[in-house]
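Enquirer: Order-wise, the sequence lines are chains H and B. Read left to right, the first sequence gives residues 20 to 426 (the working numbering). Read left to right, the second sequence gives residues 2 to 86 (the working numbering). We put the CB at the ideal spot given by N, CA and C, even for glycine. Pasting a structure below so you can have a look.
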Amino acid sequence: MTAPHRARVAITGLGAVTPLGPDVAALWEGLLTGRSGARLLDEPAFADSPVRLAATCDIEGRLDRVEARTLDRVQQLALIAAREAWADAGSPEVDPERIAVVVGSGIGGALTILGQHDVLRESGARRVSPHLIPMLMPNGPAATVGLEFKARAGVHTTVSACASGAEGIALALDILRSGRADVVIAGGAEACVHPLPIAGFAQMRALSTRHDAPEAASRPYDKARDGFVLGEGAGIVILETEEHAAARGARIHGHLAGAGIAADAHHVTAPDPSGSGAGRSITLALRDAGLQPTDIGSINAHATSTPLGDIAEAEAFKIALGDHRPPVTAIKSCTGHLLGAAGAVEAIAAVLAVREGVVPPIRNLDDPDDAVDLDLVRVTPRAHPHEAALSTSFGFGGHDVSLVVTR
Amino acid sequence: MTATAPELLTGLTEIVDEICGSATAEKVTLDATFDDDLQIDSLTMVEVVVACEEKFGVRIPDEALENLKTVGDAVTFISDAGVAA
C-alpha cells in the first residue's frame with residue numbers, strides 16, 4: 020500500500036495571549052528574557068484557597084463591553100488570539116466554505132458555570148443568564164472563532180486536558196491533508212483561575228505552593244520543583260496547504276510537518292513512568308513528518324514542573340530519540356501551565372525557535388535534577404540554527420500528542 | 002408614585018445601553034421594534050426582560066413577551082402593571 024498524497028502544511032499566522040503579555044511578540048520577548056507571568060492571587064476570593072499562585076492574562080479593554088458580556092473568558096481569550104493570528108496571516112480573503120476551525124479547551128467555560136451557579140443559589144433561576152449554555156459549552160471558544168471568521172468548513176473542539184491545544188493543531192493537519200479545507204484556524208484556550216479548580220488541582224497535590232516566591236514557583240527539571248502553576252491564555256495558528264499559501268503569496272513562518280497521537284492507558288492522571296505512550300507519540304510524529312530522530316534540532320517539552328511528570332517525559336525522549344540529545348526548553352517555567360492552551364502556545368514557541376534559530380532558556384532551573392539526562396537550556400537563550408523542532412503535550416486521561424514543526 | 006412614560010422610556014434606554022451598547026441605545030424610540038430595529042435576539046431579549054423586572058419591580062411573563070414588539074409596547078405594559086418609580 021502506498022502512502023496517500025500528503026499536502027504540505029504551512030504556518031502563516033500566529034496569535035497568543037498569555038501571562039507574558041498581549042501578543043506573540045510579548046510571549047517571545049518574555050521567553051527570551053526568562054520573564055515569569057506568575058503572581059500571588061491576592062484577590063479576596065482566594066483568601067481561603069490552599070494555593071494562591073497563578074499566571075493570569077491582562078485583557079482589560081481588548082474587547083468592547085457588549086462583545087465581552089456574552090462570551091466566557093475562555094472565549095474572549097480565544098477570540099483575541101485568533102484575531103491576532105488572522106491579521107498576522109494578512110487577513111486573507113478565503114471562501115468561507117474552505118475555512119475550518121479547531122480550538123481545544125481542557126475545561127471550557129468554567130468561570131461562567133461557577134459564577135452562574137452562585138446566581139442560581141442567591142437569586143433563583145429567573146436571574147440565570149440566557150447566555151449560560153453557549154458560554155459554558157466546551158465548544159464555545161471554537162464556535163466564537165468560527166462565527167468571527169465565518170468558517171463554514173467545520174468547527175471542531177478537541178478536549179484532551181493539557182494536550183487539547185496540541186491535539187487541535189494535529190486535527191487541523193488531518194483536515195488540511197484530507198482536502199476538507201484550505202485554511203484552518205487552530206489552537207487552544209483556557210481560563211479557569213477560580214477557587215474551585217484550584218482546590219481540585221490542589222487536592223491532587225499537583226500545584227506548587229511556593230507562595231513566598233511566585234515567580235520561582237514553576238521550575239521544570241529543577242530539583243526543588245513542587246508542582247505546576249495554573250495559568251490561562253490562548254494560542255492560535257493559521258494553517259494552510261502550501262499550495263493555498265503560495266497562491267496568495269503568504270509569508271510563511273514555518274511548516275507543520277507531522278503529528279503523533281497516542282494514549283497511555285495506564286492511569287487517569289499519573290503519567291506512565293516508562294514514558295512509553297509519550298515516546299510512541301514522538302516516534303509517530305517523526306514518522307508522520309518523514310524525519311529521523313537526529314533531524315530534531317530542539318525540543319519544547321511539556322515539562323509542567325511536577326516531580327513525576329518531568330522524569331517520565333525524559334524517559335519518553337530516550338525511547339524516541341535514543342542517544343540524540345537536542346537542546347530542550349520548557350516554557351511553562353515562564354508562562355505557567357495554560358492547560359488546554361499550553362500545546363498551542365508551545366507550538367508557537369517551537370515555530371519561533373526554528374524560525375529565529377534560538378532556543379529560549381528554562382527559567383528557575385538552578386539545580387537540574389540528576390534523574391534527567393537532557394541538554395537543558397538555562398539562564399540565557401541559546402543561538403542554535405536548526406531545521407526542525409519537537410513540541411510535546413500530555414494530558415490527564417493519558418493523552419500524548421507530539422508535533423513536529425520545520426522551517 | 003407611578004413612573005411616567007418618559008421615565009420608563011429613559012429607564013429602558015439605560016437597560017438597552019447596558020446590555021447592547023450605546024449604538025443600539027441611540028436607536029431606542031417608542032416606535033422601535035426590538036427585533037428588526039434594535040436587532041435584539043431572543044437570548045438578549047430575555048436579559049432585557051430580566052433587567053426590566055429588576056429595575057421596575059414588575060413581572061413580565063413569557064405570554065406577555067410575545068406581544069411586546071416595540072419599545073412602546075413594553076413601556077405601556079410596565080406602566081399598566083402600576084410600577085413604582
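Taking H/P346 as part of the beta strand (DSSP E), name the residues at either end of that continuous run.
Expert: Bounds of the beta strand (DSSP E) holding H/P346 are P346 to T348.
Enquirer: Which residues in the same chain as H/P69 place their Cβ atom closer than 6 Å to its Cβ, once the five residues preceding and following it in sequence are excluded?
Expert: For H/P69, where only same-chain residues beyond five positions count, the Cβ hits under 6 Å are A221.
Enquirer: Starting from B/I79, trace the alpha helix (DSSP H) in both directions and tell me its first and last residue.
Expert: V72 to D81
Enquirer: With H, G and I counted as helix, E and B as strand and the rest as coil, what does DSSP make of B/F57?
Expert: Looking at B/F57 - three-state DSSP - the assignment turns out to be helix.
Enquirer: Which same chain residues end up closer than 6 Å to H/D314 when comparing Cβ atoms and leaving out the 5 residues on each side of it in sequence?
Expert: A407
Enquirer: When the Cα of H/I118 is compared with those of H/R382, H/V424 and H/G173, which residue comes out closest?
Expert: H/G173
Enquirer: With C-beta atoms as the reference, is H/S352 less than 8 Å away from H/L384?
Expert: yes
Enquirer: Check whether the Cβ atoms of H/S55 and H/R382 sit closer than 8 Å, and answer yes or no.
Expert: yes
Enquirer: Can at least three beta-carbon pairs, one atom from the region 73 to 80 of chain B and one from the region 3 to 17 of chain B, be found at a separation below 8 Å?
Expert: yes
Enquirer: Within this structure, are the beta carbons of H/A210 and H/F413 separated by less than 8 Å?
Expert: no
Enquirer: Considering only C-alpha positions, which residue in the set H/T325, H/H356, H/V347 and H/L303 is nearest to H/A339?
Expert: Among H/T325, H/H356, H/V347 and H/L303, the Cα nearest to that of H/A339 belongs to H/L303.
Enquirer: From H/H356 to H/G143, what distance separates their C-alpha atoms?
Expert: 35 Å
Enquirer: Helix, strand or coil for H/L60? Go by DSSP, reduced to three states.
Expert: coil
Enquirer: Output needed for H/T21: all residues of its chain with C-beta closer than 7 Å, excluding positions within five of it in sequence on either side, in chain order.
Expert: Residue confidence is low: H/T21 scores 44 on pLDDT, short of 50, so the model does not pin down where it sits. No coordinate-derived value is stated.
Enquirer: Would you list the residues sitting across from H/V203 in a DSSP beta bridge?
Expert: H/A119 and H/L258
Enquirer: Below 8 Å on C-beta distance, what does B/E48 contact in chain H?
Expert: S148, P149 and H150
Enquirer: Put H/H285 into one of helix, strand or coil per three-state DSSP.
Expert: coil
Enquirer: Assuming the contact rule is C-beta atoms closer than 8 Å, H/S300 and H/V420 should be a hit. Round their C-beta distance to whole Å, please.
Expert: 6 Å
Enquirer: For H/V364, count neighbouring Cβ atoms within 10 angstroms of its own Cβ and tell me buried if that reaches 16, exposed if not.
Expert: buried
Enquirer: Please check the pair H/A402 and H/V377, which I expect to be a contact at CB under 8 Å, by giving their CB distance rounded to whole angstroms.
Expert: 6 Å
Enquirer: Just how far apart, CA to CA, sit H/A281 and H/L195?
Expert: 20 Å
Enquirer: How far does the beta strand (DSSP E) with H/A74 in it reach, from first residue to last?
Expert: L72 to A74
Enquirer: Using a Cβ-Cβ cutoff of 7 Å, what residues of the region 47 to 80 of chain B are near chain H? List them in chain order.
Expert: Here the close residues are V47, E48 and V51.
Enquirer: With three or more beta-carbon pairs closer than 8 Å as the criterion, would you say the region 138 to 158 of chain H touches the region 230 to 239 of chain H?
Expert: no
Enquirer: DSSP state of H/A407, grouped into three classes?
Expert: DSSP places H/A407 in strand when its eight states are reduced to three.
Enquirer: Hey, would you say H/H285 sits closer than 8 Å to H/G417, going by beta carbons?
Expert: yes
Enquirer: List the residues of chain B that H/V85 touches, going by C-beta distances under 7 Å, in chain order.
Expert: C21 and G22
Enquirer: Given 8 Å as the limit, is there contact between the region 29 to 37 of chain H and the region 259 to 272 of chain H, that is, 3 or more CB pairs closer than that?
Expert: yes
Enquirer: Examine chain H for any beta-carbon lying closer than 8 Å to the beta-carbon of B/L39, and answer yes or no.
Expert: no
Enquirer: Helix, strand or coil, according to DSSP, for H/P153 in the structure here?
Expert: helix
Enquirer: Quick test of your reading: H/L60 and H/L72, contact by CB under 8 Å. State the CB separation rounded to the nearest angstrom.
Expert: 7 Å
Enquirer: What is the rounded straight-line gap between the Cα of H/V424 and the Cα of H/G277?
Expert: Distance between the alpha carbons of H/V424 and H/G277 is about 7 Å.
Enquirer: By the 10 Å Cβ neighbour count, where 16 or more other Cβ atoms means buried, how is H/M156 classified, buried or exposed?
Expert: buried
Enquirer: Go ahead and pull the three-state DSSP assignment for H/D307.
Expert: H/D307: helix per DSSP, three-state reduction.
Enquirer: Is the region 215 to 230 of chain H in contact with the region 27 to 46 of chain B, if contact means three or more CB pairs nearer than 8 Å?
Expert: no
Enquirer: So if DSSP puts H/P387 in a beta bridge, which residue, or which two residues, is it bridged to?
Expert: H/D241
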